[in-house]
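Residue numbers for the sequence shown follow full-length UniProt numbering, beginning at 1 and rising by one. All C-beta atoms, glycine included, are put in the ideal place defined by N, C-alpha and C.
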Amino acid sequence: MQEPITYSEREKTPAQRQELIDNARAWSVAQGAVPSARAEELYARYVAGELTLQGVTEELRRQDAPRVAAAAAQAASGASGTPTTIPRRAEMQPEQDFLT
């Protein structure tokens, strides 16, 4: 039997949890990253009281682990002298590249 989830004072109700997710999503979108459909599913489970924020984070990291490991391995083996970056999933790409 799974132990009940204990939430902090600012996330006790579904409405409070939804507000936290809405704020986080708005921040992400403002940074040019749109959450994936899988992330949205996890957010809905958090709002419903099935997961903690830590659980959402752990699940997203677990899903990204193979991609991050592959990028790290590529960076370690690629001695091209140019900096390498970890590739982002397509839905996490900014709509516009402001840095170039």
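Item	Value
Near glutamate 59, what residues of its chain come up, given a Cβ to Cβ distance below 7 angstroms and the 5 sequence neighbours on each side ignored?	Leu42
Given this structure, state the Cα-to-Cα distance separating arginine 62 from isoleucine 21, to the nearest angstrom.	20 angstroms
Is the CB-CB distance between alanine 69 and proline 14 below 9 angstroms?	no
Taking its Cβ as the centre, do 16 or more other Cβ atoms sit within 10 Å of arginine 17, making it buried, or is it exposed?	buried
Just how far apart, CA to CA, sit arginine 25 and alanine 39?	10 angstroms
Using three-state DSSP, classify proline 4 as helix, strand or coil.	coil
Alpha carbon to alpha carbon, how far is glutamine 74 from glutamate 50? Give it in angstroms, no decimals.	37 angstroms
With DSSP collapsed to three states, give me the class of valine 34.	coil
Could you check what DSSP says for glutamate 53 in three-state terms: helix, strand or coil?	The identity of residue 53 in the sequence shown is leucine, whereas the question assumes glutamate. Leucine 53: helix per DSSP, three-state reduction.
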